[in-house]
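Following: one structure in structure tokens, then a few remarks.
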């Protein structure tokens, strides 16, 4: 019974599985039909899209063609407008010319009437053929006399015209000469500026030479004192302090030799600048002579005729203004040259001694200059007075190391610039302190 029930259940399961399989096949067949339908619709949509793209491309081409045509039409319209404006201007000029001709003809007719004595020049204008009718009424002898008078007037007007033309040509020539003179004046101004710069540079070099001369004089005095210090060095050395003094003296002598060499180089440079300045002065003098000759020629040409003098009065005023400006510039240059004093060149500071010795009394530059070799330095503030009193007014032996080693260098330089005294002082100080302390306690009980 159990086997039959199991077989029945298996048969039912197989039927259900077969039914499910048939249902799945039907669903798959329906899905394939839907997919084919969707593919067909997609192909139709793609074809429609391609057609729309073709239409859009044709429309774009048409738009480009229309745009190009509009641009060409715009250019042609602009050209036509330009041509129309030019034609309008040409017509206006032609109309003005015609009006001028008509006015001139009317004025000539009126002038002829006045010259012939046929009218007094007043009253309304006559018709165009009025003069011809009046001339026909005159006798031949009267016409010949009037013609001769007109010829004489024409000759006088021609001579006046020729004279005015010659005067205009002379004025044009003088204007060109004035322009060339202005150019030369500008060149001379630039040359004066260059000369001013050179003069200032030479003045700077000269002031430096004076300073170096003073420095060399002071160094000679220092060298004499250094020789005395060297003589002391040649004696048997008693302590390390004398060695340090000798080294400091040698370094100072080397620095002084270097300063002397720099002074010689600066003097050579000043000589070169003086020679350049002399050449520039010669060139400027030649330019001034040429300018004076041109002025004399201009004045002689102006003195030929009173009519030319009246035409050239303005030019002469301008030349006078230019000469006044040149004189002002020269005066200003001289005043600046007299006031210009270069700023003193700072000298390098002496280098401190990198290895200071605990020498209680080193030889400083001030001591060498003043000759105070034997003075002892003053006691430091705060030094223990008990040890000094215990040592009879001197430092205690174990306090000898606290004495400081001090190297000082003083440099005093005077210079003048724009009337003001400039004084510079440089001071370098090196200190070395050594302190030793010993403490001992003894207790007895």
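Residue numbers (the numbering used here): 17 to 461.
Glycine is no exception: its CB is placed at the ideal position from the N, C-alpha and C atoms.
Predicted model, so just to flag it, every value in this text is computed and none were measured.
### Rounded C-alpha distance that separates residue 242 from residue 210
46 Å
So for residue 155, helix, strand or coil by DSSP? coil
Alpha carbon to alpha carbon, how far is residue 233 from residue 193? 58 Å
Inspect the CB distances between the stretch 216 to 232 and the stretch 266 to 281 and report whether three or more fall short of 8 Å. yes
Practice item. Flag this pair as yes or no: are the beta carbons of residue 284 and residue 207 separated by less than 9 Å? Key: no
Requested in this report: Say whether chain C places a C-beta atom closer than 9 Å to the C-beta of residue 126.
Outcome: This model lacks chain C altogether, as it is built from one protein chain only.
Would you report the Cα separation of residue 190 and residue 88, rounded to the nearest angstrom?
55 Å
- Query: Do residue 200 and residue 306 come within 9 Å of each other at the CB atom, strictly closer than that value?
  - Reply: yes
Practice problem: For my contact list, residue 245 and residue 265 are in at a C-beta cut-off of 8 Å; report their separation, rounded to the angstrom. | Solution: 5 Å
- Message: I need the straight-line Cα distance from residue 112 to residue 176, nearest angstrom please.
- Response: 29 Å
Output yes or no for whether 9 Å exceeds the beta carbon distance between residue 268 and residue 238. When the beta-carbon positions are compared, residue 268 and residue 238 come within less than 9 Å of each other.
Do residue 204 and residue 304 count as a contact pair if the criterion is CB distance below 9 Å?
yes
Kindly indicate which residue of 236, 119, 212, 312 has the alpha-carbon position closest to the one of residue 297. 212
Given a threshold of 16 other Cβ atoms within 10 Å of its Cβ, counted over all protein chains shown, does residue 221 qualify as buried or as exposed?
buried
CA-to-CA distance, residue 78 to residue 95, given in whole angstroms: Their Cα atoms are separated by approximately 26 Å.
Buried/exposed call for residue 168, threshold 16 Cβ in 10 Å: exposed
Enumerate in chain order the residues of its own chain whose CB-to-CB distance from residue 74 is below 8 Å, with the five nearest sequence positions on each side excluded.
none
Exercise for review: Have a look at residue 125 and residue 172 and give me their C-alpha separation to the nearest angstrom.
Suggested key: Whole-angstrom Cα-Cα distance: 20 Å.
From residue 106 to residue 93, what does the alpha carbon distance come to, in whole angstroms?
Approximately 20 Å between the Cα atoms of the pair.
- request: Please name the residue in 218, 344, 301 whose C-alpha comes closest to that of residue 291.
  value: 218
For the candidate residues 179, 42, 197, whose alpha-carbon lies nearest to that of residue 312? 197
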